[in-house]
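Remarks on the structure that follows.
Residue numbers (the numbering used here), protein chains in the order written: chain G, 1 to 450; chain B, 1 to 473.
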């Protein structure tokens with residue numbers, strides 16, 4: 001069944017079961033992936049997946065939900081019945097409705113249509129990439145974590161009031177993590193990830209080069225003394241921190257009491273006036289862009305921080321109603337509708353006279369720690385408390401030299417971090433999770449074992 | 001003709017699928033595969049969330065699918081699908097054969113499936129024995145209510161999840177197995193707040209194959225434990241960073257061994273060349289006080305299995321005996337590629353993942369010391385009562401958050417501290433575990449790795465690590 005036929009099937013089954021109000025979200029995908037090990041194919045994978053999530057409203061307007069991979073006629077009927085039973089336990093304290101924007105026009109990005117290149121081509125490309133990466137430096141002995149995948153998927157949202165949205169796209173991903181070994185030294189590892197709309201679209205050479213350069217740059221390493229340091233966050237690491245604490249802008253988290261913000265936090269000053277942060281799921285560089293959310297609300301660009309102050313929260317239908325505003329296109333369909341950011345864009349505002357512009361990661365010759373990548377986010381971030389303690393990969397710049405830091409963590413508080421931003425570099429970089437310039441923060445604690 | 005004699009053109013759970021499975025396997029072998037494995041599953045899951053004094057989410061789900069794995073020499077191709085018809089399964093076999101580029105004429109022999117080993121016979125009634133959504137909701141609401149012990153508790157949550165998985169495994173070595181698995185978990189979380197101070201507390205409990213277990217769950221005791229933890233940590237200072245001796249509590253303290261050492265003993269790590277223990281079999285890799293075990297047989301434990309996802313009964317594997325490395329955790333691919341015998345540890349999250357060597361119930365065996373002996377032996381250090389999550393990097397370095405910690409001074413527990421992270425490397429830390437307590441206990445958890453998220457148990461008695469880097473502020 002295609003998505004139109006599924007909608008018709010659900011509508012018929014709902015009529016049969018006397019269910020007047022329903023909606024559903026579905027995704028259908030075909031994925032292909034390969035991994036290699038020293039020139040040999042290691043695992044080759046293909047999958048065909050379908051997931052359907054149906055919500056129904058009972059006569060008391062309480063919502064029930066069911067998720068299934070069985071999209072047969074009987075599967076759909078069973079899902080509707082189960083959702084109807086679950087609606088008896090619907091949340092009486094917070095109602096859910098269709099998004100008022102579920103029929104509004106959506107902006108669909110023009111993207112290059114790609115076709116599957118096939119497993120054999122993926123394998124050939126990955127084998128060549130592995131060889132090139134190993135040959136790029138004598139210390140690189142293997143590429144233990146690698147993969148090349150392509151995925152073709154369709155997302156659908158429809159409801160009993162006639163809303164219907166469907167979006168098909170493709171995505172490919174290449175990751176290469178090399179391992180370097182030198183005599184009497186610990187092995188060092190680093191890597192790179194590149195995304196594209198198709199396997200032909202991925203910049204393979206730059207992925208190899210980046211993985212090689214990063215790995216080699218960590219060969220000469222040293223422990224760092226526990227102390228407070230001037231920190232330069234790479235675009236990737238700063239975006240990691242912002243995403244980890246995105247509950248500050250999340251209306252769902254605020255209602256649930258797990259955010260540092262509250263309903264009255266709009267306008268609260270969090271940082272230097274030089275800082276602007278947007279959520280922009282439709283950004284042209286966002287490969288994973290989708291034009292509508294789980295409730296069918298169109299995706300849009302939303303300012304989260306304007307000149308250092310909280311400007312907007314991200315919303316689902318129900319949180320928007322509670323906050324007396326409109327949904328922002330950030331909902332995930334579920335029994336309890338989740339809210340999450342799409343793609344963060346960090347910018348320097350025009351109000352930037354208080355910045356120390358001499359701090360530039362490529363020219364500054366004073367002592368500082370450069371954080372390239374933050375790790376173990378799920379373990380080291382206490383979003384509801386605002387604290388973090390995270391291992392990282394990075395370098396200590398001192399006396400004109402740069403040395404890789406072995407086994408250290410950076411710890412602090414997100415509000416302290418944002419308030420202590422001392423420079424936002426001008427040039428932005430595109431990463432897999434958003435866009436940001438390098439960000440400088442004064443006086444963060446680093447723990448090392450020197 | 002009797003309806004039972006009609007050959008089905010689709011996998012039907014609860015029926016004999018032998019002819020169809022054999023036909024699919026014959027098809028794969030006929031196309032030149034060395035080995036064909038079919039894993040089929042049917043799931044029936046439910047989860048319930050209580051927040052404050054309301055049920056805010058009830059999420060049932062069901063599904064079915066198949067994963068087909070073909071080996072040719074040491075390569076393997078894996079295809080997953082939701083299409084359980086004969087046509088769909090044969091198409092998946094063809095796709096896997098094509099991916100592997102199998103063109104030679106060498107044919108393996110397939111003598112048909114062995115006698116059906118049906119582990120599900122006594123388990124078919126489980127679905128009717130598990131608590132109803134109504135029963136679950138009532139108990140969760142009682143438990144979140146019992147978290148409301150003072151006005152500093154600002155957020156209370158109780159969650160329940162039930163996974164019922166019916167599986168069929170058939171492969172060209174004759175394996176033909178069916179089973180039903182039941183996993184239930186329940187968790188409590190709170191956030192406490194007072195002026196600028198905030199803390200949180202959480203505990204999770206879990207069982208396998210015990211439909212009645214949720215009814216027996218002591219929610220009041222759990223609520224007291226979570227409440228006490230959050231109150232103890234509410235006004236805690238940040239810990240000072242540095243190198244120091246630590247005592248890790250029992251139960252979930254075992255997560256460090258699981259993450260930092262256990263994963264390095266999986267054959268997938270040997271295949272990748274990322275374990276420092278690859279050539280250390282029968283060599284000392286840990287302090288002589290350390291004996292470590294991985295098994296899938298403890299009744300009711302979250303990581304226990306009647307049969308693994310490749311059709312092998314799980315064994316009890318002594319990984320480290322008195323500090324000496326004795327065994328690796330191995331699956332079919334691991335045996336093929338590294339030579340280490342299978343241990344009944346081939347596991348996967350669901351049909352869309354190929355099985356891989358994964359831990360089950362993994363723990364450090366008990367020693368002879370009391371918890372007090374360990375603490376009394378330290379003049380200045382840290383007691384990690386409750387561990388949060390953590391991660392292990394590609395070169396073996398690990399980092400773990402301490403959820404609830406206390407300073408040790410002159411052999412006594414003193415003030416609570418927050419923000420601590422334990423940082424180290426298994427190879428360096430294992431020899432520093434110098435004392436093991438006599439209070440081994442296990443705790444359930446979820447482990448995410450190459451073949452998805454699987455249910456596991458971690459565990460240990462209280463242990464003392466002579467020196468480790470503690471990250472703080």
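Where is the CB? At the ideal position from N, CA and C, for every residue including glycine.
Rounded to the nearest angstrom, what separates residue i and residue j at their Cα positions?
| i | j | result |
| --- | --- | --- |
| residue 175 of chain G | residue 143 of chain G | 10 Å |
| residue 186 of chain B | residue 129 of chain B | 17 Å |
| residue 84 of chain G | residue 65 of chain G | 7 Å |
| residue 96 of chain G | residue 215 of chain G | 49 Å |
| residue 38 of chain B | residue 393 of chain B | 33 Å |
| residue 82 of chain G | residue 177 of chain B | 30 Å |
| residue 403 of chain B | residue 201 of chain B | 8 Å |
| residue 267 of chain B | residue 189 of chain G | 20 Å |
| residue 195 of chain G | residue 151 of chain B | 48 Å |
| residue 210 of chain B | residue 300 of chain B | 6 Å |
| residue 503 of chain B | residue 360 of chain B | The structure shown does not extend to residue 503 of chain B, since chain B is modelled only from 1 through 473, so no value can be given for it. |
| residue 142 of chain B | residue 255 of chain G | 22 Å |
| residue 289 of chain B | residue 319 of chain B | 14 Å |
| residue 447 of chain G | residue 358 of chain G | 26 Å |
| residue 169 of chain G | residue 30 of chain G | 11 Å |
| residue 117 of chain G | residue 52 of chain G | 27 Å |
| residue 279 of chain B | residue 457 of chain B | 27 Å |
| residue 6 of chain B | residue 13 of chain B | Unreliable placement is indicated for residue 6 of chain B, whose pLDDT of 47 sits below 50; the coordinate value is still reported in the next sentence. Residue 6 of chain B and residue 13 of chain B: Cα-Cα distance of roughly 15 Å. |
| residue 281 of chain G | residue 433 of chain G | 10 Å |
| residue 343 of chain G | residue 315 of chain G | 15 Å |
Based on Cα-Cα distance, which residue from the options lies nearest to residue i?
| i | options | result |
| --- | --- | --- |
| residue 419 of chain B | B:437, B:409, B:399 | B:399 |
| residue 434 of chain B | B:279, B:12, B:374 | B:374 |
| residue 14 of chain G | G:114, G:54, G:422 | G:54 |
| residue 371 of chain B | B:358, B:343, B:412, B:351 | B:412 |
| residue 191 of chain G | G:179, G:253, G:237 | G:179 |
| residue 384 of chain G | G:249, G:321, G:170 | G:249 |
| residue 20 of chain B | B:55, B:69, B:86 | B:86 |
| residue 93 of chain G | G:208, G:322, G:21 | G:322 |
| residue 160 of chain B | B:153, B:168, B:213 | B:213 |
| residue 372 of chain G | G:346, G:345, G:403, G:353 | G:403 |
| residue 224 of chain B | B:337, B:312, B:206, B:189 | B:189 |
| residue 204 of chain B | B:167, B:251, B:98 | B:251 |
| residue 109 of chain G | G:396, G:354, G:438, G:298 | G:298 |
| residue 58 of chain B | B:158, B:274, B:240 | B:158 |
| residue 10 of chain G | G:42, G:61, G:111, G:73 | G:73 |
To which residues of the same chain is residue i closer than 7 Å at the C-beta, ignoring the five residues directly before and after it?
| i | result |
| --- | --- |
| residue 1 of chain B | Model confidence at residue 1 of chain B stands at a pLDDT of 38, short of 50, so the residue's coordinates are unreliable and nothing is read from them. |
| residue 182 of chain G | 139, 219 |
| residue 24 of chain B | 38, 89, 90, 93 |
| residue 316 of chain B | 293, 295, 297 |
| residue 288 of chain G | 171 |
Here's a check: name, in chain order, each residue in its chain whose Cβ is nearer than 6 Å to the Cβ of residue i, leaving out the five neighbours to either side.
| i | result |
| --- | --- |
| residue 75 of chain G | 68 |
| residue 244 of chain G | 377, 381 |
| residue 220 of chain B | 146 |
| residue 347 of chain G | 276 |
| residue 354 of chain B | 69, 78 |
| residue 463 of chain B | 248, 433, 436 |
Since residue i contacts residue j with CB under 8 Å, what's their CB separation in whole angstroms?
| i | j | result |
| --- | --- | --- |
| residue 421 of chain B | residue 471 of chain B | 4 Å |
| residue 364 of chain B | residue 227 of chain B | About 29 Å separates the two Cβ atoms, so there is no contact after all. |
| residue 180 of chain B | residue 154 of chain B | Not confirmed; about 41 Å, so no contact. |
| residue 126 of chain G | residue 34 of chain G | 5 Å |
| residue 428 of chain G | residue 435 of chain G | 5 Å |
| residue 369 of chain G | residue 394 of chain G | 6 Å |
| residue 36 of chain G | residue 45 of chain G | That belief does not hold up - the Cβ atoms of residue 36 of chain G and residue 45 of chain G are roughly 13 Å apart, past 8 Å. |
If you drop the 5 nearest sequence neighbours on each side, which residues of the same chain put their C-beta closer than 8 Å to that of residue i?
| i | result |
| --- | --- |
| residue 4 of chain B | Caution is warranted here: a pLDDT of 41 is assigned to residue 4 of chain B, below 50, making its placement in the model unreliable, and the coordinate value is therefore given only provisionally. Cβ within range, chain order: n/a, list empty. |
| residue 244 of chain B | 380, 381, 382, 467, 468, 470 |
Fill in: Complete runs of the beta strand (DSSP E) confined to the stretch 271-308 of chain B [at least 3 residues]
DSSP runs (the beta strand (DSSP E)) wholly in the stretch 271-308 of chain B: 292-295.
Worksheet item: In the stretch 286-334 of chain G, which residue ranges form an unbroken alpha helix (DSSP H) of at least 4 residues, counting only runs that do not cross its ends?
Response: The alpha helix (DSSP H) runs of length 4 or more contained entirely in the stretch 286-334 of chain G are, from start to end of the chain, 317-322.
Worksheet entry | Length at least 4, wholly inside the stretch 400-438 of chain B: the alpha helix (DSSP H) runs in chain order | For the alpha helix (DSSP H) assignment, the uninterrupted runs of no fewer than 4 residues enclosed by the stretch 400-438 of chain B are, from N- to C-terminal side, 426-429.
Fill in: Ranges of the beta strand (DSSP E) found wholly within the stretch 319-393 of chain B, counting only runs of at least 3
Listed in chain order, they are 361-364, 380-392.
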